[in-house]
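J.: The sequence shown finishes on residue 774 if you use our numbering, and the numbering steps up by one all the way, no holes. To start, I am sharing the structure in question, which I have written as C-alpha cells.
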Amino acid sequence: MSGQWGEGPDRDEDAPGAVSTTGGSAVPSPRAGGRAEARRAAQGKGGRGGGEDAKGGAGATGGRAAARRGGKPKRNVKKIVAWSAAGVLVLIAGAGGAIYLKLNANIKSFDADAIATDRPPEAKADADGNKPVNILLIGSDSRGKNNADLGGGEDGGARSDTTILLHVYADHKHAVGISIPRNAKVPIPSCKLPNGKWTKGGGIDLFNAAFSTGGSDDGNPACTQNTVEKITGIRVDHTMVVDFSGFAAMTKAVNGVDVCLPQPIYEGDINPKLPKKGALVLPQGKQTVQGQQALDYVRLRHGIGDGSDIGRMKRQQAFLSSLATKIKKEGLSPTNLLPLADAATKSLTVDPGLDSADKLISFGLSLKNIDMHDLKFVTAPWRYRTQDKDLDLVQPDANKLWDILKADQTIDGQNATGQQPDAPGTQSTPAAPTTPPPPPGDAANASIKVSVYNGTSNNGLAGKGTEVLKGAKFNAVTAGQGPSTKYKTTTVEYGAGQKANAEKVAALFPGAELSAGSGRGVSVIVGQDFAAANGMGGTASGTPGAAPGTPAAPQPLPTTVTNDARSADDDICANTSYGSGG
C-alpha cells in the first residue's frame, strides 16, 4: 500500500501524517525564516538569532529564558503564539496543495463519448432548487494490476462483482441503495469498445456482462451505466468503480469495519476448489475486518445460506451500512477523510463529472447530512429462472421500484420530507378518471383465453390489464409489448367466432374499440386511455385533469421488497444471509 497515510515504511519512512508527492519524494523543506522559523518558535527554540535558544542561551527571545531574564514575557509569548499560528496555517496550506495534487493524480475517468446519447431525462429540481442525485457504485473484480493477489483470479478482463444504484433524494438527507443482481438476465444496449467501435446491442445477457464488454482489465463502466439507464429509465448522474486493491486499502484507512457472520467461514468456503475444509478464515459472530478479510467477507458466497449471490448482496449491504456508520460517527474531518480519500482514489475510476479532487470532495460533503436510519438498502425484485440458474427481474415490481425513485419517493411511498405526496391534479384540476370496477365474472369467462399486450410506453400497463380481466374471472395472460407504443385507444382484437367473447372483454375497458383480426382467440392491446384511467399519464389529446407530460403517481411497492430493506443503523448481525444450507 505504498503512498498510504500513516503507514510508516510503506511511505518512504515518513512520520505519521507526513505528505508525499505523487512521485514519492518528500515535500521540500521550508526556507529559513518561514515555516522552519514557525516550527522553532512553536518549540520554544527562538528565531533567527540561533545559538543556545533551546536552553535559554543568548539566542533565546522568549519563553522560559525570557522570563528568567526578567524581560517582557507577555509580548514575547504573543510573538511565539503568532508565529506558531502562522506556521500551522502555512503548513496546512502547503500540505493541502500537495494533498490536492496527490488525490488528483490518483483519479482516473472513463471516456465521456462512451456514454449513450439516448438517455433518460435529468431529474427536476424541487421547490427549493435541489435535485436528487443517482450514483452508480461498481465493485470490480478486475484481474489486472495487484488484484489477482487479492482474489481476482487468473483470467483476464473484469467483471462487476457488486453494483448498487444509490439514489440520494433532493433533500440530501435520505438515500436508498438498490443492489442489482449480477446474474440477472437483462437487455444490454449498444456499448463502445476499447477500439472505438460500438456493439450492436439489443441482446439479453447477464447484467455483469455489460462491465465485461470489450475484455479490458479496467472493465467498461460506461456500458454498465448505459445498461442501468436502459433497464430502469433513470438518469445516472455519476458512476464510481472501485477495484479489489482500492477496496482493501479503504478498509485499512478506516482501521477496519465491524461485521457479523451467523457461522464460521473456512478456506474451503472461500475457494470451493480446495479438497478440504482448511483453516478458519472468519469466525462466527461480530468482528472487525480490513484488507483481505474484508474482501473475503463481501465476496463470500459458499458455506453460508444457500450459497447464492442474493445472500452475498445482503452482506454487502450490511458492510456498506457499517462502513457509512463508522465514517459518520468519527466525523468528516480532514484527519479522518484524507487517508480514506487517498486510499479510494488510487483504485477509483469515475465518470467525467467527478474527475478531480475538488469535485469528489464537494460531492462527498453534499452527503454529510444523511442520517443512518434514512440510508436504506434493498435488492431489486428478482426470481430464479426455471430454465437455468440465473435470475429475472420481477415485473411489474421492478418497474414500481424505478418509478418510486424517479418520483423521488422513499420506498414506503413517502416523499423525502416524510409527507404523503399530493395526488396528480388535486390542487387545480379534477382527478383523472379511474377504471370502474369490473362486473362480476360468470363461470363462462374462465373458458375465454385473453392475451394482453401493452400499446404504450408505460411500463407494467399490460399487467394491469391482465389484473382487470382476472378480476372478472377471464383466463388472461400478460403477453408483453404490442406491435406499437402509440395506441391512443384500447383495442380488442378477435378471431373467427370470437366476437361475442370480445364484446364481453371490451366491456371491462370503457371506450375500447373492437377489431376483427387474423388470430384465433381474443387479444387486448391496452392504450393511452387505459393508462390515463389508471393514473399513468394522459392521452395524446389530453386527459381531463392531467397536465400534458405529468408523470403518473408511482404504485406502492410490494411488502416483499419493503420488508427486506435494511437501514444503515440496523443490527449488523441481522439479515446477512439468504436461504438454508451451508
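Each residue gets a CB set at the ideal place from its N, CA and C atoms; glycine is no exception. Remember, it's a predicted structure, so these values are computed and weren't measured experimentally.
I'd like to check one pair, Lys691 with Asn164: are the Cβ atoms closer than 7 Å?
T.: Absent from the structure is residue 164, since the part of the chain shown begins at 193 and ends at 774.
J.: Compute the beta-carbon to beta-carbon distance between Thr578 and Ile502, rounded to the nearest angstrom, for a pair I have assumed lies under 8 Å.
T.: Contact between Thr578 and Ile502 does not hold, since their C-beta atoms are separated by about 17 Å, which reaches or exceeds 8 Å.
J.: Under 7 Å between the Cβ atoms of Tyr361 and Pro312?
T.: no
J.: Are the stretch 368-380 and the stretch 388-401 in contact at 8 Å, needing three or more beta carbon pairs?
T.: Of all C-beta pairs linking the stretch 368-380 to the stretch 388-401, three or more are shorter than 8 Å, placing the two stretches in contact.
J.: Return the chain-ordered list of same chain residues with a C-beta closer than 7 Å to the C-beta of Ser558, the five sequence neighbours on each side being excluded.
T.: His364
J.: Of the choices Ser437, Asp566 and Asp498, whose alpha-carbon is the least far from that of Asp534?
T.: Ser437
J.: I need the straight-line Cα distance from Thr681 to Gly652, nearest angstrom please.
T.: 17 Å
J.: Could you tell me the alpha carbon to alpha carbon distance between Asn637 and Ala664, rounded to whole angstroms?
T.: 7 Å
J.: Which of the three DSSP states is assigned to Glu314 in this structure?
T.: coil
J.: Taking the beta strand (DSSP E) that Asp136 belongs to, which residues open and close that run?
T.: With the chain covering only 193 through 774, there is no way to say anything about residue 136.
J.: Which two residues bound the contiguous alpha helix (DSSP H) that contains Asn693?
T.: Asn693 -> alpha helix (DSSP H) spans Lys691 to Ala698.
J.: Closest to Ile426 by CA distance: which of Ser772, Ala724, Trp594 and Ser676 is it?
T.: Nearest option by C-alpha distance: Trp594.
J.: Determine the contact status of Asp563 and Ile764, defining contact as a CB-CB distance below 7 Å.
T.: no
J.: Pick helix, strand or coil for Ile462, following the three-state DSSP scheme.
T.: helix
J.: So which of Glu459, Lys384 and Gly477 has the shortest CA-CA distance to Lys469?
T.: Answer by Cα proximity: Glu459.
J.: Rounded to whole angstroms, what is the Cα-Cα separation between Ala340 and Ala516?
T.: Reliability of the predicted coordinates at Ala340 is poor, the pLDDT of 48 falling under 50, and the value obtained from them is presented with this limitation in mind. Ala340 and Ala516: Cα-Cα distance of roughly 27 Å.
J.: Quick one: using the 10 Å Cβ neighbour count with 16 as the cut-off for buried, is Asn755 buried or exposed?
T.: exposed
J.: Mind reading off the beta-carbon distance from Gly672 to Pro588? Whole number of angstroms is fine, and I expect it under 8 Å.
T.: With 8 Å as the limit, Gly672 and Pro588 do not qualify as a contact, their Cβ atoms being about 12 Å apart.
J.: Can you check the stretch 526-600 for any beta strand (DSSP E) of at least 3 residues that lies completely inside it and give the ranges in chain order?
T.: 540-542, 567-571, 574-576 and 583-585
J.: For Arg491, count the other beta carbons within 10 Å of its own beta carbon; 16 or more makes it buried, fewer makes it exposed. Which is it?
T.: buried
J.: What first and last residue would you give for the beta strand (DSSP E) that runs through Gly369?
T.: In the DSSP annotation of this structure, the continuous segment of the beta strand (DSSP E) that includes Gly369 starts and ends at Ala367 to Ser371.
J.: With distance defined between alpha-carbon atoms, name the residue in Ser759, Lys478, Thr752 and Pro531 nearest to Gly369.
T.: Ser759
J.: Starting from the Cα of Asp580, find the closest Cα among Gln455, Lys377, Leu328 and Asn298 and give me that residue.
T.: Lys377
J.: In terms of residue numbering, what span does the alpha helix (DSSP H) encompassing Gly663 cover?
T.: Leu653 to Gly663
J.: For the beta strand (DSSP E) containing Ile380, list its first residue and its last residue.
T.: Lys377 to Ile380
J.: Between Ala694 and Val714, which are expected to be in contact by the criterion C-beta below 8 Å, what is the C-beta distance as a whole number of angstroms?
T.: 5 Å
J.: Roughly how far, in whole angstroms, is the beta-carbon of Tyr770 from the beta-carbon of Gly497, given that I think they are within contact range, below 8 Å?
T.: 5 Å
J.: Identify which residue in Ile603, Thr537 and Met442 has its Cα closest to the Cα of Asn296.
T.: Comparing Cα positions, the closest option is Thr537.
J.: Could you compute how far the alpha carbon of Ala738 sits from the alpha carbon of Thr309?
T.: Because the pLDDT at Ala738 is just 41, under 50, the model does not fix this residue reliably, and the value given afterwards should be weighed accordingly. Distance between the alpha carbons of Ala738 and Thr309: 30 Å.
J.: Is the distance from the Cβ of Gly545 to the Cβ of His359 below 7 Å?
T.: The answer is no: Cβ separation not under 7 Å.
J.: Could you check if Glu136 is buried or exposed, using at least 16 other CB atoms within 10 Å of its CB as the buried criterion?
T.: Nothing in the structure corresponds to residue 136, since the chain is present only between 193 and 774.
J.: Where do the N-terminal and C-terminal ends of the beta strand (DSSP E) with Gly331 fall, by residue?
T.: Val325 to Ser332
J.: In whole angstroms, what separates the C-alpha of Tyr679 from that of Gly647?
T.: The alpha-carbon atoms of Tyr679 and Gly647 are separated by roughly 5 Å.
J.: Since Pro386 and Ser408 should fall inside the 8 Å C-beta cutoff, what is the C-beta to C-beta distance between them, to a whole number of angstroms?
T.: Contact check for Pro386 and Ser408: beta-carbon distance about 5 Å, within the 8 Å limit, so the pair qualifies.
J.: I need the boundaries of the beta strand (DSSP E) containing Cys452, first residue and last residue.
T.: Val449 to Leu453
J.: Could you say which of Ser500, Leu474, Gln482 and Asp721 lies nearest to Trp574 if we only look at CA atoms?
T.: Ser500
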